[in-house]
Structure formats: C-alpha cells, structure tokens
Amino acid sequence: MQDNSLYDMENSLLEDALDADPQADRILEGLNESQHEAVSSELRNMLIIAGAGTGKTRVLVSRIAWLIKHFHIAPRNIMAVTFTNKAATEMRERLALMVGNSVQMSLWANTFHSICLRLLRAYASYAGLIPGFTILDTDSQVSLVKRLMKDMNIDTKEFKPSDIASNISKQKENGIRALAFSKMISAKSPDYVKVTSQVYNVYERVCNQENSVDFSELLLRTVELLENNQEIRELQHRRFKEILVDEFQDTNAIQYRFLRLIAGPDSHVLVVGDDDQSIYGWRGADVSNMRKFLKDFSNVKEVLLALNYRSTQKILDVANTIIGFNSDRLMEKVLKGNFGEGEKVRILNCANNKTESSAVSERIASLHESGVAYRDIAILYRNNYLSLDFEQTLLRKHIPFVIYGGQKFFERAEILDAIAYMRILVNEDDDTALLRIINTPSRKIGPKVVDGLRTIANERNCSLIKAMRLLEAHVHSDNVDKTLASLYKKVAVFCDLLKVLKEKKESLSLSAFADEMLRITGLYQFYQEKDFKEGKDNEEHSRYANLGMLISNIKEFESNSTAPAVSDESAPESTADSDEKKEEDPLLTYLSNITLVSTGELNEDGETASGTDAVNLMTMHSSKGLEFKYVFLVGFEKDILPSRMCAFSDKSLAEERRLAYVGVTRAKTALYISYSQNRSLFGKVEATGASSFLRELVREYKGKHDVPLTIESISSASYY
DNA sequence: GCCGCCTTGGTTTTT
DNA sequence: CCAAGGCGGC
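Residue 428 in full-length UniProt numbering sits at position 428 of the first sequence; the count goes up by one each step and never skips.
What follows is the structure, encoded as structure tokens:
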C-alpha cells in the first residue's frame, strides 16, 4: 500500500481526467477492510486468500466492476476464469446486476475449457486442427481407448479402458505428450504405465485423424498454440489486460501454464482461492500453484479474507479446530464470525445406519414444524451410496427432498446416441461417433460388417464415412468385386440415411432438424419400444421423454442465440486477425455448448430444476460453494470420511480433512454431525464408529470450558 | 444378431 | 445389495 503511492497518484489523475463514474464508489459500499483493500487495489498482480464464507465471489465481482467503472478498463480487456460453468454463470449474473447486461457481451467470463475452445476455434489451423473439430466427452474418450486397445490386442479386463483413458488425460494435464511420455518409460515401469504409453501413442494419432479433441486436449493444444506462435500470443497479451481466476486452488498444471502464457508483460493477474478448500487433488488440482503464483508473478499483493459472513461462531470454532490439524497450510486462517455464538454443534452417535437416518429425519421434521423451510436444510455425505437410507426415511415421513448428482442428462445413453448422429454431420472424420450409432438402432450392421469397413478405412488411411463412399463408388463402377459389393449392400441403408440427414440439416432449422433426425434414424421409436418393454414408458425420465427434452433444450438454445450478438462469435480480434470461420454452423455451436456446458438435471422446460421447497441431499464435494441454514453431515465415520481408499498417505488424509472442513463451513445457523456404530453396507453389517476427525475434534475440547459441541447418543431402541 | 444370465465390482466429479 | 457389462446360448 505504502510503496505504491505513485501508482495511486497516477491512477487518481487518470480518474479525474476521465470523469470517474460517480457510481464507482458505490461498489465499495459495505465492504470490510480487507475486501475493500482487494477491490480497490491499484492495478497489479494479487493473490486473495479467501476463507470459506468470506465473500469471495462478491470481491471478485466487485473488483471487475471497479476495473470497469473506476479504472475504465474496457470489458473486452478483462478475462474472468472459473472452474465450473455454474460459477461462470453466477459471476456473469452478479456482474450484470452491478455493471449492466451489455458488459458481458465483450467480457470473457468463462471456464478454462470454454476459453481455450474459443481460442482454438479462432485459430484452428494454427493449432493443427481442421475447423469444425468435435469435442470428445468422457464416454467417447473411453470408447475410443477401448477400441484401440482391442485393435492392439491388449486385454481390456486386465487393463480397464477407463483407467487407461484417465491416465492419458492425466499426462496431458501435466503437459506431457505421447512421445515425451514414452521417453519416460523404462523396463522397470509398471505394466499399466507401459500400456498407457502404448495406447497414448496410438490415441494421439487417431484423435488427430478423427479431428477430435478431448477435454484435456483443449487446454494442452491452446498452451502449445500460445507457446509456438508468438504473433497469436502477443495478440492475446494486447487484449487481456486484467485476468481474474476464481477457485485458484483447483487449477492443475496445464491450467497454470495457460495462465502464465495468456498474461502479457503488462497484464495483471488476480487469483482468488482457499488452500483449505482444495478437495480436488485426486483429479489433478494442485494447491501448490498458490505458492508458485507468488514466485512466478511479479510484485504480488496478498490479501487475506478471514471475516466470515455465513456461520455462527460455534460452527466456525469447530471448523477452525478441524482444519487446524492440517499442517502445511499456505496460511493459517482463523475464521471469525459476524453472527454471534449460536447453538452448539450437535454430534449424534447412532447405533446403526437406520437409527441415524431416522434421527436425522426426525430432527428435520421438527425443524420444519418450528418454521424452517425444507430448502434451508441439507444432508451432506462423503459417498453417494450413503444417501439411500435417507431417501427411504424421508420418503416414509413424507418430507420432500432433492438429490443432486447421479446421472447427468447429457451422459444418458439415448442422449449420447443423438449427439453422436449430430457429431458425424459436423465432422465426418469422427469415427468414434460413427461407431457408436452405425448400428443403433439395429440396422443389421454387425461387428463383421464394421470390421470389413474398418479394414478398408485402415488401408486407405481414411475415415469410415470416406470408406463407405469409396465402396459406393466401387459398386457403381465396372469390375465389381463380389465381397465388396456384399459389404456395400449391408451398409447402404446407413449411407442413404446419412445423405438424407445431410439434406435435412441444410434445409431445416436446428430444432426441426433434430426432431426429424430422431424420427428418421429411428431413435424415437427404438427408445419408445425399449421403454415400453421394460415398463418404463410412463416414467418421468423415460428415455423417450429424455429425447423430447433434448429437443426442448435445442429450442431454448436456438431462441437464446438468435439474439443479435452471439457470445461465441467474439473470438479475440477475430475480425482483424483471424482468417477462420465467418459464420459458425449452429449445430457445431450447439454441440460445443452441450459438451462443455453439460447442464445437470433438466426439467420439462429444459431448464435446471429449482424453486421447490425440499431438503437438499448431496455429497460434500458438490456442496462446495453452497450454504444452508441447517446442515446434517452424515456418515461421519471411520472408513468413510477419511476414505478407506486414500487413508494411506498424509497428503490425501489432509485432503479428506479439508473435505470435512468444507462440509462444516456450509452451515449458517446450526450443524449436526452424525455417525453410526454399525452400518449395513453391500448387504452385510459392519462395525464402524466415529471418524478419526471427530475423535481428534472431541479430544481437543476435553476438560475445557466453552466447548462448542455436545454429543448425544441415539440407541436403536429410540427409533424403529 | 439378440436376449438374458451371470460375474464382478462399487470414493469424490468437472470439463 | 444393485447396476453394468461380458459372454454364451438360441
């Protein structure tokens, strides 16, 4: 603060000259001292360490508003990066409230992945991609890996394709290409590493051939594009002057590398994060990026937000104690509350999982009787399967509830089938999509026919669609080969179908085309019959109904994108500097959108469900960023909370503890922590008991005054 | 090529 | 206990 008075002076002169927006100062109203310091700081690199519930998003949004209103930074010179779409949407919404709707047109507030996608679409050919490349979702990635492994005669039982696929992704997330990875392999490497390397080599080549990129490829490609192309890199440096990153503790190696590359010598980067809430280490998130940031970026100002606006002090005391057992924290934060002492945290020691779910439901019922809305209550657990007992008990007591998580709409088989048809229309080389639906619904194109086709494609080094075309041409020539003719006869139905689909795509609107597509491919009928056979035809989420919801979703997308300025159109400096893509194919835009913006559950209108008054059930992972007045942390048990799987290393134990901390800090008014002495799991009853985190917590308060918690025992006789 | 039985395995989740 | 995928029989 002191040593930057010069900057301050410069800035205030600038401000005077430009007639500072009188509204600018209102942005700072109601901020506490450290929030104020962060928001109104001079232009520079910043690391904001924001404890749970300390107004992180508010600071981020206010800072952006301050950049625009006070420093007169053009929205197009700002990039705000989030980890999830949910966070990106929230940020845009809150920003719109503060600085108006028009800003988000030119301001990039998006996930790492969609930002990289935009850059790759704008500079596709520079990145070695053909415009119109498709994105492989996880499902497609695994099926591609599986196909390659079978081709390579690798036992897919010994080495699970999903493991190999995620190993490949892990390498990409560390910026390691197939060639580099193979050089790291030695004879001593474990078999699965060797297999990963072998498959990675082929996988990389085939992805290029099929003109498709998986999720981690989006990042890696962009990083390579920026590294190898000075002109494009400097173009971005000129554009992105102020870069802000949310949930920085969740960034992985390749995302960090991207940040370093996208920030120019006179750009500023502001990152917000909480090392104590880093719970995604198992999928590559690297908390040490926070430390690296201080080292790699110049003159970083650190701001600590520790004043909590969410919970009572007793809840915060428990949270502070739990996280206090972690060593190696970036900074020891002690959360300080704003809302008084509150009730003691109640620990429920239950005889078994049935008494636990009964006790919790009972308390929810009495809370509701005393006037608490169901939507203000949450049940949080470590593992998804723990929700089962609570679902049953709540159902029996007629307490409404919603479960978050579970199968995602865009991961359902019927939706993926529909998407695969769309993908091959956008990208003919996408064999992975083609192989998914060439015989779905059944067209009597079995493995033998497919193999025949693949042989031709391999010989000619071309896609399967191309191979079919060659076959067709051959059949119409002289000297027709008999086996080829019979092969063509088998696939002709599909060839013709593709032709019809192509015509329809050109002549119809996107949603009309999609509806027509589902009809003529037979997917509607196929899934309607399947639903009927399995007696699911009247279910709310029957597969047939889901296909209908897909159409609603496309219609919604259509009506959003007919608005004048489509957000995706604005590639950086695209009009001046990029020769790619004039008008984007709406189908391609839609596909990119749903693969990257995979919405959770959709209701009949194709929008995410909310608004009903119901108790919230979810994992502690998915509760991050949320808050509830009443929180029940259930199954707080040995072998569940420090998960049995990762209790081996200190590192993962610390992460499990952070997960407990995240759970505790969701509660505003009251917190209950429950555990069972016995739990029936996968059919058999096991003796469990309190989590070690609970033991160390209770031990800490032994013999002390002002203990913020109480323990109640609930015997099996209490409920039945 | 399809249906059904049987084996097998079952943290966390986003893009 | 339950869901999904593989394989064998028709």
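Ideal Cβ placement from N, Cα and C applies to all residues, glycine included.
Considering only the beta carbon of each residue, do Phe628 and Ala378 sit closer than 8 Å? For the purposes of this step, residue 628 is taken as the residue at position 628 of the first sequence. For the purposes of this step, residue 378 is taken as the residue at position 378 of the first sequence. Cβ atoms of Phe628 and Ala378: closer than 8 Å.
Rounded to whole angstroms, what is the Cα-Cα separation between Ala74 and Trp108? Counting from one through the first sequence, the residue named residue 74 turns up at place 74. Counting from one through the first sequence, the residue named residue 108 turns up at place 108. Whole-angstrom Cα-Cα distance: 11 Å.
Phe248 and Met290 - do their beta-carbons sit closer together than 8 Å? Here residue 290 refers to the residue found at position 290 of the first sequence. Here residue 248 refers to the residue found at position 248 of the first sequence. Contact: yes.
In or out: Thr111 buried (at least 16 other Cβ within 10 Å) or exposed? Here the question's residue 111 lines up with position 111 in the first sequence. Classification for Thr111: buried.
Taking 8 Å as the threshold, find out whether the segment 63 to 82 comes into contact with the segment 680 to 688 through three or more Cβ pairs. no
With distances taken between CB atoms, is the gap from Tyr421 to Ile437 smaller than 8 Å? Taking the first sequence and counting its residues from 1, the one referred to as residue 421 is at position 421. Taking the first sequence and counting its residues from 1, the one referred to as residue 437 is at position 437. Contact: yes.
Buried versus exposed call for Glu210 [16 or more other C-beta atoms within 10 Å across all chains shown]: What you label residue 210 is simply residue 210 of the first sequence in a count that begins at 1. Classification for Glu210: buried.
For Gly264, which residues of its own chain have a beta-carbon under 6 Å away from its beta-carbon, when the five flanking residues on both sides are left out? Locating residue 264 in the first sequence gives position 264, where the first residue counts as 1. Closer than 6 Å at Cβ, skipping near neighbours: His237.
Should the segment 115 to 126 be regarded as contacting the segment 137 to 144, the criterion being three or more beta carbon pairs within less than 8 Å? no
Thinking just about the alpha-carbon of each residue, which of Glu534, Tyr527, Glu558 is nearest to the one in Arg543? Position 543 of the first sequence, counted from the first residue, corresponds to residue 543. If we check each option's Cα against that of Arg543, Tyr527 comes out closest.
Answer with buried or exposed for Phe240, where buried requires no fewer than 16 other C-beta atoms within 10 angstroms of its C-beta. Here residue 240 corresponds to residue number 240 of the first sequence, with the count starting at 1. Buried, since its Cβ has 16 or more Cβ neighbours within 10 Å.
Assess contact between the segment 49 to 68 and the segment 659 to 677, defined as three or more Cβ pairs (one per stretch) separated by less than 8 Å. Is contact present? yes
For Ile64, which residues from the same chain have a beta carbon less than 7 Å from its beta carbon, with the 5 sequence-adjacent residues on both sides left out? As a first step, residue 64 must be located in the first sequence, where it is residue number 64. Ile78, Ala80, Leu95, Leu244.
Roughly how many whole angstroms lie between the Cα atoms of Phe513 and Lys504? Along the first sequence, read from residue 1 onward, the residue named residue 513 stands at position 513. Along the first sequence, read from residue 1 onward, the residue named residue 504 stands at position 504. If I take the Cα positions, the gap works out to 6 Å.
Rounded to whole angstroms, what's the CA-CA distance from residue 728 to Glu391? Just pull it up for me. No answer is possible for residue 728: it lies beyond the span of the chain, which begins at 1 and ends at 720.
Would Tyr280 be called buried (16 or more neighbouring beta carbons within 10 Å of its own) or exposed? Taking the first sequence and counting its residues from 1, one reaches residue 280 at position 280. Tyr280 comes out buried.
To the nearest angstrom, how far is the alpha carbon of Glu428 from that of Asp417? Against the first sequence, residue 428 aligns to sequence position 428. Against the first sequence, residue 417 aligns to sequence position 417. Inter-residue distance for Glu428 and Asp417 is about 16 Å (C-alpha atoms, whole angstroms).
Identify which residue in Phe83, Leu28, Thr89, Ala87 has its Cα closest to the Cα of Leu67. For this step, residue 67 is matched to residue 67 along the first sequence. Checked all of Phe83, Leu28, Thr89, Ala87; the closest Cα to Leu67 is Leu28.
In chain order, what are the residue ranges of uninterrupted alpha helix (DSSP H) at least 4 long that sit wholly in the segment 185 to 217? Inside the segment 185 to 217, DSSP marks whole alpha helix (DSSP H) runs of 4 or more residues at positions 191 to 209, from first to last along the chain.
Does the Cβ-Cβ distance between Val664 and Val360 come in under 8 Å? Indexing the first sequence from 1 puts residue 664 at position 664. Indexing the first sequence from 1 puts residue 360 at position 360. Cβ atoms of Val664 and Val360: not closer than 8 Å.
Under three-state DSSP, which class holds Thr321? Position 321 of the first sequence, counted from the first residue, corresponds to residue 321. Three-state result, Thr321: helix.
Please classify Thr432: does DSSP put it in a helix, a strand, or coil? Taking the first sequence and counting its residues from 1, one reaches residue 432 at position 432. Here Thr432 sits in helix by DSSP.
Pairs of beta-carbons, one from the segment 333 to 343 and one from the segment 297 to 310, closer than 8 Å: are there three or more? yes
Under 8 Å Cβ to Cβ from Tyr192, same chain only, skipping five residues before and after it: list those, please. Here residue 192 is taken as the residue at index 192 of the first sequence, counted from 1. Here the set comprises Phe159, Asp163, Ile164, Asn167.
When DSSP labels each residue in this structure, what does Thr710 get in the three-state scheme? Counting from 1 along the first sequence, the entry for residue 710 is found at position 710. Strand at Thr710.
Return the CA-CA distance between Asp568 and Ser676, expressed in angstroms with no decimal places. For the purposes of this step, residue 568 is identified with residue 568 of the first sequence, where counting begins at 1. For the purposes of this step, residue 676 is identified with residue 676 of the first sequence, where counting begins at 1. Unreliable placement is indicated for Asp568, whose pLDDT of 37 sits below 50; no coordinate value is reported for it.
Could you spell out where the alpha helix (DSSP H) holding Ile438 opens and where it closes? By one-based count along the first sequence, residue 438 stands at place 438. First-last for Ile438: undefined, no H or E at that position.
Candidates Val615, Asn101, Ala24: closest to Val372 by CA position: Stepping through the first sequence from its first residue, residue 372 is reached at position 372. Closest option to Val372, Cα to Cα, is Val615.
Pick from Arg363, His72, Phe410: whose alpha carbon is nearest that of Glu712? Counting from one through the first sequence, the residue named residue 712 turns up at place 712. Nearest option by C-alpha distance: Arg363.
Let's test the definition: count the other Cβ atoms within 10 Å of the Cβ of Glu10 and tell me whether it reaches 16, buried, or not, exposed. Numbered from 1 along the first sequence, position 10 holds the residue referred to as residue 10. Any reading at Glu10 needs caution, since the residue's pLDDT is 46, under 50, leaving its predicted position unreliable; the model's value is listed next. Exposed is the call here.
What are the start and end residues of the beta strand (DSSP E) that includes Ala545? On the first sequence, residue 545 is found 545 positions in, with the first residue counted as 1. Per DSSP, Ala545 belongs to no beta strand (DSSP E); it is in the alpha helix (DSSP H), 543 to 561.
Is the separation between the beta-carbon of Arg443 and that of Val493 shorter than 8 Å? In the first sequence, counting from the first residue as 1, residue 443 sits at position 443. In the first sequence, counting from the first residue as 1, residue 493 sits at position 493. Contact: yes.
In terms of DSSP beta bridges, what is Phe632 paired with? By 1-based counting over the first sequence, the position of residue 632 is 632. DSSP, once it has assigned bridges, lists Ile379, Tyr672 as partnering Phe632.
Nearest to Leu425 (by Cα), restricted to the options Leu626, Thr455, Tyr590, Phe632: In the first sequence, the residue the question calls residue 425 occupies position 425. That would be Tyr590, whose Cα lies nearest to the Cα of Leu425.
Where Val707 and Leu316 are concerned, what is the direct C-alpha to C-alpha distance, given to the nearest angstrom? As a working note, residue 707 is residue 707 in the first sequence. As a working note, residue 316 is residue 316 in the first sequence. In a straight line, the C-alpha of Val707 is about 12 Å away from that of Leu316.
Helix, strand or coil at Thr595 [DSSP, three-state]: The residue you call residue 595 lines up with position 595 of the first sequence. In the structure shown, Thr595 sits in a helix (DSSP, three-state: H, G or I).
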